[in-house]
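**Q** Structure below; questions to follow.
Residue numbers (the working numbering): 19 to 187.
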């Protein structure tokens, strides 16, 4: 039985006499050229902070209008054959809530009709408003009100444009 303790001690002795294992190699640092450059630190005092520039809001365009007149049917001119005349205004520079008025004047310069519309857009967008004047079978036809008519356009009582149109006999 002495053989087992002898074998055990020989085995233990061998394990103590083995060369110690080498420690793992240290991690190598990357070469100098691949290492990131350290951040540059400035010792100079900072310059003056630029002031913010104040920007004025956009000014709306001046109040103006382009106008038109269209006879229906197209090409008709006689008071007995023209069914209606559509007068229109494209208004620029008007604010929401302002009133657009068209005054229709007869060939003799007398007021015939006045119509109104409330504008709803911004001063920066053109706002189109159409007004229709019935002709055939109305007093214009029966009273023989032929000649050059005029549509006067006003925004809050300020004239912004006129449009003439002719009705023949």
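Even for Gly, the Cβ is constructed at its ideal location relative to N, Cα and C.
With DSSP run on the structure shown, which of helix, strand or coil describes residue 85?
**A** Reduced to three states, the DSSP call for residue 85 is strand.
**Q** For the putative contact between residue 85 and residue 179, defined by C-beta atoms under 8 Å, what is the C-beta separation to the nearest angstrom?
**A** Yes, residue 85 and residue 179 are in contact; Cβ-Cβ is about 5 Å, under 8 Å.
**Q** Apart from the five residues on each side of it in sequence, which residues of its chain come closer than 8 Å, Cβ to Cβ, to residue 162?
**A** Cβ neighbours of residue 162 beyond the five flanking positions: 97 and 187.
**Q** Residue 152 by DSSP, collapsed to three states: which one?
**A** The answer is strand: DSSP assigns residue 152 an E or B state.
**Q** Is the beta carbon of residue 124 less than 8 Å from the beta carbon of residue 167?
**A** Result yes, Cβ atoms of residue 124 and residue 167 sit closer than 8 Å.
**Q** How would you write the range of the beta strand (DSSP E) that residue 176 sits in, first residue to last?
**A** Residue 176 -> beta strand (DSSP E) spans 176-185.
**Q** Taking residue 141 and residue 94 to be in contact with their CB atoms under 8 Å, please state how far apart those CB atoms are, rounded to whole angstroms.
**A** At roughly 37 Å, the Cβ-Cβ gap does not stay under 8 Å, so residue 141 and residue 94 are not in contact.
**Q** Suppose contacts are defined by Cβ-Cβ distances below 8 Å. Is residue 151 in contact with residue 131 by that definition?
**A** Their beta carbons are under 8 Å apart, which means residue 151 touches residue 131 by this criterion.
**Q** Whose C-beta lies closer than 8 Å to the C-beta of residue 160 among residues of the same chain, with five residues either side of it excluded?
**A** Closer than 8 Å at the Cβ level, and outside the excluded window around residue 160, lies no residue.
**Q** Counting along the chain, where does the alpha helix (DSSP H) carrying residue 128 start and finish?
**A** Residue 128 -> no alpha helix (DSSP H), and no H or E assigned at all.
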